[in-house]
Every structure is written in C-alpha cells, then in structure tokens.
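Notes follow once the structure below has been shown.
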Amino acid sequence: MRLQDCHNFSDFRELAHRRLPRAIFDYIDGGADDEVSKRRNAAAIEECDLVPNILRGVKDIDLSVTVMGQKLALPVYCSPTALQRVFHHDGERASAAAAAKFGTMFGVSSLGTTSLQEIRKAHATPQCYQFYFHRDRGLNAAMMQSAREAGVNVMMLTVDSITGGNRERDKRSGFGIPFRPKASALLDFILKPAWGLNFLTHAPLSLPQLDAHVDLGGTTMSISRYFTEMLEPDMRWEDVAVMVKDWGGHFCLKGVMSPEDARRAADIGCDGVILSNHSGRQLDGTRAPFDQLAEVVDAVGDRLDVIVDGGFTRGNHVIKALSLGAKAVGLGSYYLFALAAAGQPGVERALSLMQDELLRDMKLMGARSVADLSRANLRHRGNLSK
Ligand SMILES: Cc1cc2nc3c(=O)[nH]c(=O)nc-3n(C[C@H](O)[C@H](O)[C@H](O)COP(=O)(O)O)c2cc1C
C-alpha cells in the first residue's frame with residue numbers, strides 16, 4: 058500500500074499501522090478505559106443526517122472561515138498533539154508545513170517534540186500554542202512569554218487533562234516517555250526496521266517547549282509523572298482568568314463540554330472554546346463533543362467562537378458541525394495517521410482530500426460558503442437542540 062492508494066482516514070490508518078511499531082500505533086489509536094467515547098465521537102456524527110438545498114448557483118465555493126481573529130482558508134485546522142517525532146521523524150515540522158500550504162492553523166503542543174521557533178520557520182500561517190496549567194506559576198508565565206516572543210497568535214489552554222487518562226493499550230505495550238517497551242512489544246519494533254532506523258538516526262527526542270524552562274532530567278521524566286507531578290489539580294476559574302488577562306490576546310479553552318463552562322469561559326474573557334473530549338483519551342463515557350455542539354452554540358455562540366473536535370474524518374462531518382454553528386473543526390487522528398504513514402506528503406494528501414471533499418460536498422449541499430449552512434440543513438435522530 059502506497060500513499061497514492063490512500064483515499065480516506067481508514068487508508069491512512071492502515072498505512073500507518075503497517076509502518077509503525079504496534080505500541081506507537083496504539084498510542085495514537087487508543088482511548089481511555091473501554092474506548093466508549095472514542096467510538097461515540099465518530100458514531101454521533103453519523104447519527105445526524107444532512108438535508109441539502111438545490112439550484113443555488115454553486116460554481117464558486119469559499120471555504121474560508123475566521124476563527125479567534127485568524128483567517129483560515131479551510132474550516133479545519135491541525136489540532137495540537139504530543140510527540141509527533143515519535144510518529145514520523147519529521148514530526149511537527151512536517152505537519153506545520155503541510156498546514157501552511159493549505160492556509161490553515163497548526164496547533165503546537167507543549168508536549169511537542171519540535172521547538173516553537175523551528176515550527177515557526179516551516180509555518181507562516183496562524184499558529185496556536187496549546188499548553189497545560191502547571192503548579193509552578195512561574196513556569197506558566199515563562200511559557201506564555203516564549204509563545205509571545207515566537208509570534209503565537211492564539212493561546213489554547215487544555216482543561217480536560219488535570220490527570221492522565223487510563224490508556225490500557227499503553228500500559229500493555231509499555232509506551233511512554235521514556236519508552237520502556239515490554240518484551241512482547243520489542244519484537245514488533247524489530248519487525249518495523251524502517252521506522253527504527255529513522256528514529257535512531259535523527260536527533261534524540263526531547264520536549265523543547267518544556268526543556269526551555271524546566272529541568273526534566275533529559276527524557277527521564279515520564280509523561281504520566283508530568284501529569285501527576287507538574288500539573289495543578291487545584292486549577293480554578295480565577296487562576297485562568299488571570300492568565301487570560303496576562304496574555305491579553307486571543308485565548309481559548311480546549312476540553313470544554315458543558316454550556317455552563319462555556320459561559321464561564323466567556324465571562325473570564327476567552328474568545329473561543331473547543332468542545333473536545335481529547336479524542337476519548339481522558340474521561341471515558343463522556344458525551345460526544347458533536348452532540349454538545351448545538352447546546353453550547355445556543356448558550357454562547359454570540360459571545361465567543363465555538364470550535365469542536367473528536368471523530369472528524371470526512372468533509373461531510375465538518376459540514377455537519379458548521380451547520381450546527383461551529384466556527385471551525387479540529388482534526389487530530391486524521392492527520393496524525395497520515396503523518397505516520399508518509400510525513401509531510403502524507404499530511405498534505407490528507408488535507409488535500411479533506412479540501413476536495415469539502416468543495417464537492419458544499420456544492421452538493423447547495424452552499425457557496427459556510428454562511429449558507431444552517432440547522433435547516435440537518436436532521437438528528439436524537440435530540441440536537443430545541
Ligand atoms: C496521539 C494524540 C496526542 C494528543 N496530544 C494532545 C496534546 O498534547 N494536547 C492536547 O490538548 N490534545 C492532544 N490530543 C487531542 C487532540 O488535540 C484532539 O483534541 C483530538 O485528537 C481530536 O479527536 P480526533 O483524534 O478524533 O480527531 C492528542 C490526540 C492524539 C490522538
């Protein structure tokens with residue numbers, strides 16, 4: 058199977074499966090506990106049906122959106138994810154460059170494996186920086202300062218990860234940073250020599266966003282220890298309000314699920330919320346973000362930008378979210394598997410397929426731009442909204 062044989066998410070996932078050692082594939086693919094939320098995320102989108110319009114003159118389609126002050130050529134962006142150089146040796150640089158080619162935003166994770174400055178070189182279009190709330194307030198301030206100096210456009214605080222999710226696939230394989238594979242997983246690494254060779258012949262793995270400010274003891278601080286020891290379990294609204302004020306620019310919370318929390322985010326000055334359950338990797342059993350979208354848009358859509366992620370792998374999925382009032386959709390696993398499958402050309406192919414699907418489906422929907430989509434274009438078998 059080659060990159061040109063990939064026509065959708067399942068194909069990228071399959072190619073990544075062939076190229077990656079099982080433990081790494083499972084880190085991307087897995088969810089928490091029984092992975093119920095992970096499955097629900099995708100299922101929820103499919104339970105909603107599109108109702109197209111006809112005869113509306115759809116020769117030219119405009120896919121652009123403006124979200125948190127950023128003009129994006131596509132209504133999708135690459136959501137921040139950790140450890141991309143583990144998936145492919147070019148890691149974040151490859152994803153960022155591909156996102157730039159398509160005129161959209163790339164989210165840099167504070168657990169990323171490439172520095173903000175290096176990513177910035179590959180990526181001139183809007184950039185957002187995702188970070189967590191640490192016990193050490195000085196560290197939070199230093200990270201915001203680095204982001205400011207690197208020209209970051211949007212700060213994104215992830216609020217659904219006060220502690221790490223129970224990812225049993227990782228427990229079985231021994232996946233973590235540092236990586237101590239179980240004996241049973243070692244054979245799989247031997248069977249994927251191309252990945253191993255690339256991994257070993259490129260710069261050693263580091264977490265530059267954190268390394269710049271705190272001594273993690275090389276890579277000896279495990280990600281799970283990072284969550285339990287360094288993040289602030291007592292984080293509160295007042296703390297985040299101070300951060301939003303200090304930043305003074307575009308600021309959003311990622312991992313909001315309820316209308317009440319979205320209202321509070323607006324109250325403290327956020328200009329965006331991202332409805333997300335972290336791809337079902339944190340609290341299992343949560344409702345799908347897609348199913349919360351209408352309620353949250355109704356509650357705060359006139360006060361801030363509502364964005365959604367979780368399970369979006371097709372242009373028609375994105376159109377459903379936009380019809381419900383989302384300003385943009387975050388892609389996670391969709392582009393990560395493409396990255397793992399083929400690096401930058403892989404992410405470019407994934408974004409190109411998404412763009413083609415969006416253009417085709419907007420025409421078939423009778424919509425010239427996102428503004429033409431509305432709830433009249435959707436029917437749900439359950440309860441979408443009043
Ligand atoms: C392998 C992986 C790593 C992730 N790392 C982070 C991270 O460091 N910070 C964060 O806020 N979200 C992280 N996420 C969540 C994504 O930003 C996004 O919310 C999610 O992937 C969207 O769901 P989807 O994968 O179904 O598209 C990660 C997701 C995956 C799959």
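Sequential numbering of the sequence shown, starting at 58, is according to the working numbering.
Cβ coordinates follow ideal geometry from the N, Cα and C atoms, glycine included.
Here the structure is a predicted model, which is why all the values come from computation and not from measurement.
Nonlocal neighbours in the same chain, by C-beta distance under 7 Å from residue i, ignoring five residues either side
i	result
C327	V301, F308, C309, L310 and L361
L273	L264 and L267
S281	G221 and G233
A407	F69, Y391, Y392 and A395
R321	W294
C-beta contact flag for residue i and residue j at 8 Å
i	j	result
G36	M200	With the chain represented from 58 up to 443, any question about residue 36 goes unanswered, as that position is not in the structure.
K420	I111	no
L396	A151	yes
L381	R432	yes
H270	L196	yes
G423	V115	yes
L416	H64	no
S121	A130	yes
A89	Q401	no
V133	L388	yes
I102	H335	no
A153	A179	yes
K377	L107	yes
D245	R79	yes
P346	M314	yes
Helix, strand or coil at residue i according to DSSP, with G and I counted as helix
i	result
D348	helix
M213	strand
D119	strand
Y134	strand
R305	The question names Arg, but residue 305 is Gly in the sequence shown. Coil at G305, not helix or strand.
L129	strand
R229	helix
Q266	helix
D362	strand
G312	strand
V353	helix
Y30	Coverage of the chain is limited to positions 58 through 443, which leaves residue 30 absent and any answer about it impossible.
A385	strand
G400	helix
Y189	coil
S426	strand
Residue-level contact to chain D via CB, residue i, 8 Å cutoff
i	result
R224	The displayed structure is made up of one protein chain only, and chain D is not part of it.
Residue i classed as buried or exposed, judged by whether at least 16 other C-beta atoms fall within 10 angstroms
i	result
V211	buried
M58	exposed
Q349	buried
A240	exposed
K443	Its pLDDT being 42, under 50, K443 is placed unreliably in this model, and the coordinates cannot settle the point.
T161	buried
P261	exposed
L77	buried
I247	exposed
L332	buried
A204	buried
Q127	buried
D418	buried
D62	exposed
D366	buried
L257	exposed
A155	buried
Residues near residue i by beta carbon distance below 8 Å, same chain, minus five either side
i	result
F82	A73, H74 and A397
V209	V165, L173, Q184, C185 and Y186
E92	G337 and D341
V363	A319, G329, V330, L332, L350, V353, V354, V357, G382, A383 and K384
D413	G372
Chain-order list of residues whose beta-carbon lies under 6 Å from that of residue i (same chain, five-residue window excluded)
i	result
F66	T370 and Y391
G148	Q141, R142, T170 and T171
E175	none
T285	none
D296	none
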